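Novice:
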Amino acid sequence: MLNWDDPLAAPVPRVPAAQNDAVAEPTAKYETTKPVPEANEITSDDQSASTSQSSAPATQEEVTTSDATTAPTKAQVAESVSTAPDLHIVETTTPSIAGSISTPLQQRRQAEDAAKPFTPMAPINPEDKRVVNGMGDINQLAPFKYPWAWDFFLNANKNHWTPLDVNMTSDISDYHHKLSDDERHIFENVLAYLTTSDILAMRNIGLAVMEKMTAPELQIYQARQVYEEALHTWTYQHCIETIGLDQSEIYNRYRMVPEINQKIQIGNRRLNAVMRPDIDLRNPDDLEEFVLSYTFFSGIFEGCWFYNGFSPIFALQRRGLMKGTAEQLQYIMRDEVMHCSFGIRVARQIMQEENVKLDPRDIRDMWDEADAAEEAYSKFLLPNPILGYSQQDHHEQFRFIANRRARQLGFEEPFPGAKNALPWLDEQSNMRKEKNFFETRVTEYQTGGALKWD
Ligand SMILES: [Fe+2]
Ligand SMILES: [Fe+2]
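Positions 151 to 604 (my numbering) are the ones given, in order, by the sequence shown.
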């Protein structure tokens, strides 16, 4: 059996207790005629073992000439795994691969282990789990309290893709030869906004939210979400590179354009408010701030600004333009629908479990601030309408989607009477597998429209 405290230490052969004297002579176990692996057969595991121990053999020559008692081969280790005794015998009777008997660190660890003998723990009660401030075990996945979170993780894994899967050929000629100046302005600035905002989304979930969760089934989906946000950033970069845009100019645009910068800064402010090291979710004010921030990111940043933010490029796609970029955004949109749905559900769960009552004035302020920023952004993006899409359409659709998110959050509609100005937009999030965007693969993915909005 391997010593999990020190996996590089040589395992000890399993022997009956009465034969313990034999353990003092482990050399016989390793005097084998089995061939040593060729140097070029060393796997990455082998290499890490070789390089992490200064006295471990690194080449075939060293292996064959070194003392076999201090350098068992991988085959020898494997042979011993099934017959080795319990873990704790190993350190006191067997030299490590490095040849040292016991380092000061090992001695200190042994002393600590001796001072704290193992005490069996009570089984986990799933009812002890909470989204935050829970008493469960963050390292133990089941029993679940939130099986729906695990389902999110399973569903997210049905949507594997990379930007390299999408054919971008026509986008290059479309951008350089077919788009009008107004359409190029829209296309570039949508990408400029998205590139920065998706990194912000990744930082929010990975740095501010995950660490506060106390149920592992929630963290696991969020870990996938972090990856997906990074994938989205790669996708924008792939589009920018493939089409031949000036990367520096595009990425710096949010620093230069106030209407883009304002949306990013709103997100930054919400994120920084809950990333501070002294935040304490047992403090009601801090907890309320965290819930507001998570509500903003899932309901507005992802649920409205992303959801609605792709639509100008979908409008081009509907006219047969920039189809590759639009397909990429459809895959991103599908992820974002799930992020929004998951975040809203988690926020509602926290409010229920922790009896959080958000101040209606804070909620109203959140919608108004987002609405004003989106209106300014839409005026910058669409100073002139393009075929089938106007600034008024964009702003009205934001309000229509905001009402939907508010209902899902259990809030009052912030913009009663807002019209569905872009009725085709929801179709973009309901990608059907029979549509088969990729000719090279079967697209067996869950559709955003199939998600349940409890
Ligand atoms: Fe994203
Ligand atoms: Fe997201």
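Every residue, glycine too, gets a C-beta built ideally from N, C-alpha and C.
This structure is a prediction, so every number in the text was calculated from the model and none was measured.
(1) Give me the Cα-Cα distance between S491 and N307, rounded to the nearest whole angstrom.
(2) Does any heavy atom of ligand 2 sit closer than 7 Å to the C-beta of D485?
(3) Between the Cα of N580 and the Cα atoms of N309, W384 and F303, which residue gives the shortest distance?
(4) On a CA-only basis, which of I274, K266 and V282 is nearest R498? Give me that one, please.
(5) Taking only heavy atoms of ligand 1 into account, decide whether any of them is closer than 7 Å to the Cβ of I358.
(6) Let me check one thing: in DSSP terms, what residues is I536 bridge-paired to?
(7) Closer than 7 Å to a non-hydrogen atom of ligand 2 - does that hold for the CB of A373?
(8) Whole angstroms are fine: how far does the CA of P276 sit from the CA of A526?
(9) Once DSSP output is grouped into helix, strand and coil, what is the label at P408?
(10) Look at the alpha carbon of F369 and the alpha carbon of R557, and state the distance between them as a whole number of angstroms.
(11) Please classify K413 as buried or exposed, where buried requires at least 16 neighbouring CB atoms within 10 angstroms.
(12) S230 by DSSP, collapsed to three states: which one?
(13) For a test of the three-state rule: what should DSSP assign to G567, helix, strand or coil?
(14) What residues in its chain sit with their C-beta under 7 Å from that of L357, if we drop five residues either side in the sequence?
(15) In the stretch 346–430, which residue ranges form an unbroken alpha helix (DSSP H) of at least 4 residues, counting only runs that do not cross its ends?
(16) Measuring only the C-alpha atoms, how far is Y457 from D435?
(17) On the three-state DSSP scale, how would you describe K529?
(18) At the level of alpha carbons, what is the spacing between R374 and L344?
(19) Which residues in the same chain as S198 place their Cβ atom closer than 7 Å to its Cβ, once the five residues preceding and following it in sequence are excluded?
(20) Can you tell me which of the three DSSP states Y296 falls into?
(21) Pairs of beta-carbons, one from the stretch 512–528 and one from the stretch 543–552, closer than 8 Å: are there three or more?
(22) Using 7 Å as the cut-off, classify the Cβ of A380 as near or not near the heavy atoms of ligand 2, replying yes or no.
(23) Just to confirm, is the Cβ distance from I494 to G449 under 8 Å?
(24) Ligand 2 heavy atoms versus the CB of A497: any closer than 7 Å?
(25) Helix, strand or coil: how does DSSP classify H544 here?
(26) If we call anything under 8 Å between Cβ atoms a contact, is Y296 one with A365?
(27) Candidates A351, S398 and P566: which alpha carbon is nearest V376's?
(28) Can you tell which of L572, M271, I429 and D428 has its C-alpha closest to the C-alpha of F464?
(29) From the DSSP output, in three-state form, read off I551 for me.
(30) Starting from P254, trace the alpha helix (DSSP H) in both directions and tell me its first and last residue.
(31) Is E519 helix, strand or coil when you go by DSSP?
(32) Leaving out the 5 sequence neighbours to the left and right, which residues in its chain are closer than 8 Å to R469 when beta-carbon positions are compared?
(33) Can you tell me whether F464 is helix, strand or coil according to DSSP?
(34) Does DSSP put K279 in a helix, a strand or coil?
(35) At a cut-off of 7 Å, would you count H489 as near ligand 2, judging by its Cβ distance to the nearest heavy atom?
(36) Would DSSP call W311 helix, strand or coil?
Specialist: Straight from the coordinates:
(1) Their Cα atoms are separated by approximately 16 Å.
(2) Yes.
(3) N580 has its Cα closest to that of N309, out of N309, W384 and F303.
(4) Out of I274, K266 and V282, V282 has the C-alpha closest to the C-alpha of R498.
(5) Sequence check: residue 358 is Ala here, not Ile. Outside the cutoff, so no.
(6) For I536, which the question treats as bridged, DSSP gives the partners Y539.
(7) Outside the cutoff, so no.
(8) The alpha-carbon atoms of A526 and P276 are separated by roughly 47 Å.
(9) Residue state, collapsed to three classes: helix.
(10) Checking the sequence shown, residue 369 turns out to be Gln, not Phe. Q369 and R557 have their C-alpha atoms spaced approximately 25 Å apart.
(11) Buried, because 16 or more other Cβ atoms sit within 10 Å of the Cβ of K413.
(12) Low per-residue confidence applies at S230: pLDDT is 43, beneath 50, and the placement is therefore not dependable enough to give any value.
(13) In this structure, G567 counts as coil in the three-state DSSP scheme.
(14) Only M425 meet the Cβ criterion.
(15) Correct list: 366–393, 397–401, 403–406 and 408–425.
(16) Approximately 30 Å between the Cα atoms of the pair.
(17) Of the three classes helix, strand and coil, the one that applies to K529 here is helix, per DSSP.
(18) Between the alpha carbons of R374 and L344 lies a distance of about 19 Å.
(19) Confidence in S198 is poor, its pLDDT being 36 and thus under 50, which makes the residue's placement unreliable; the coordinate value appears in the next sentence. None.
(20) Correct three-state label for Y296: coil.
(21) For the pair of segments examined, the stretch 512–528 was found to touch the stretch 543–552: the number of CB pairs separated by less than 8 Å reaches three.
(22) Flag unset: Cβ of A380 not near ligand 2.
(23) I494 places its beta carbon less than 8 Å from that of G449.
(24) Incorrect: A497 has no Cβ contact closer than 7 Å to ligand 2.
(25) Correct three-state label for H544: helix.
(26) Yes. Within cutoff.
(27) The closest CA to that of V376, considering only A351, S398 and P566, is found on A351.
(28) Here the closest residue by C-alpha is L572.
(29) Look at I551 here: in three-state DSSP terms it is helix.
(30) DSSP places P254 inside the alpha helix (DSSP H), whose first and last residues are P254 to A265.
(31) Looking at E519 - three-state DSSP - the assignment turns out to be helix.
(32) L537 and G538, listed in sequence order.
(33) Of the three classes helix, strand and coil, the one that applies to F464 here is helix, per DSSP.
(34) K279: coil per DSSP, three-state reduction.
(35) True, at least one ligand heavy atom lies under 7 Å from that Cβ.
(36) Three-state result, W311: coil.
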